[in-house]
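Sequential numbering of the sequence shown, starting at 80, is according to the working numbering. For glycine and all other residues, C-beta sits at the position ideal for the given N, C-alpha and C.
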Amino acid sequence: MVNSGMSFKKEFSRKEASREIEKGLSEGKSKQELLQKLKEKFFDKDTIAKVLANFADPELRVKYRGFNRILLMALVLTGVFGLIAETVIICTAPKFALHAEIIFPLLFIIFAVEVRECRGFIYRFLRGFAILSLFHPLVAIFRVNPSFAQVYKYMWWILPNTILTALIIGLALYTGNKMFPNYGWFGPKKNKGGRYIL
């Protein structure tokens, strides 16, 4: 802890900062106000800004709550359906065919938690991850039996997975851009003067 004039700065605490951000936003404070307040309390302005940018403005969170709930349900359905499909494949495959692709449906369920909390970074990340996951059923199927005949056998998984994943990509793009208009690929955007746009 360092004494700076009449105030003391300390190492950044994500948990403590998150509590203050949630409280400040609920009280109607702007993100710029919260950034200035947290800068007086913690070191590392860049980290503070990135954490702050992950929180949606309360009015935007309420406005797009419906879209966010649909995205949440799509993530959970994709994860649960994927786990069921993976279990079927594993049960019909030799022991050596147990594979790491089963982590994909689990990740959808984990990401649903972040979407429920409306964290800015997850919407950008979901787009790329969902595009990759479009190929997940094919990879899992071919790992067990490299035959195109197997593709038709598992169309009950491939088609719903494709539809749900396309929905996730569209909702992540729309909801993320609407709730976090100033959030770039790697954090908050900056204006020409180098100041964070929150």
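Quick check: the Cα distance between Ile-300 and Arg-206, rounded to an integer number of angstroms?
With the chain covering 80 to 277 only, the question about residue 300 has no answer from this structure.
Limits of the alpha helix (DSSP H) - the one that Cys-170 falls within:
According to the DSSP assignment, Cys-170 belongs to the alpha helix (DSSP H) that extends over 144-170.
Would you identify the three-state DSSP class for Lys-108, choosing helix, strand or coil?
Of the three classes helix, strand and coil, the one that applies to Lys-108 here is coil, per DSSP.
Among Ala-191, Pro-216, His-215, which residue has its Cα nearest to the Cα of Phe-204?
It is Ala-191.
Is it the case that the Cβ atoms of Thr-254 and Leu-150 are separated by a distance below 7 Å?
A Cβ-Cβ contact shorter than 7 Å links Thr-254 with Leu-150.
Proximal residues to Glu-193 (C-beta, below 6 Å), its chain only, five neighbours per side dropped:
Around Glu-193: Ile-201.
In chain order, what residues of the same chain have a beta carbon less than 7 Å from the beta carbon of Tyr-143, not counting five sequence neighbours either side?
Excluding residues within five positions, the ones whose Cβ falls inside 7 Å are Thr-254, Lys-257, Met-258.
Could you tell me whether the region 88-105 touches the region 119-131, using the rule of 3 or more Cβ pairs below 8 Å?
Cβ pair count under 8 Å is three or more, so yes.
Among the residues of its own chain, which have a CB less than 6 Å from the CB of Gly-158, if the five just before and after it don't count?
Excluding residues within five positions, the ones whose Cβ falls inside 6 Å are Pro-184, Phe-187, Ile-188.
Using a 10 Å radius around the Cβ and a threshold of 16 neighbouring Cβ atoms, would you call Tyr-231 buried or exposed?
So Tyr-231 counts as exposed.
Report buried or exposed for Cys-197, applying the criterion of at least 16 other Cβ atoms within 10 angstroms of its Cβ.
The Cβ neighbour count for Cys-197, taken over all protein chains shown within 10 Å, is at least 16; the residue is labelled buried.
Which two residues bound the contiguous alpha helix (DSSP H) that contains Lys-124?
Its alpha helix (DSSP H) spans residues 124-132.
For Arg-198, which three-state DSSP category applies?
Looking at Arg-198 - three-state DSSP - the assignment turns out to be strand.
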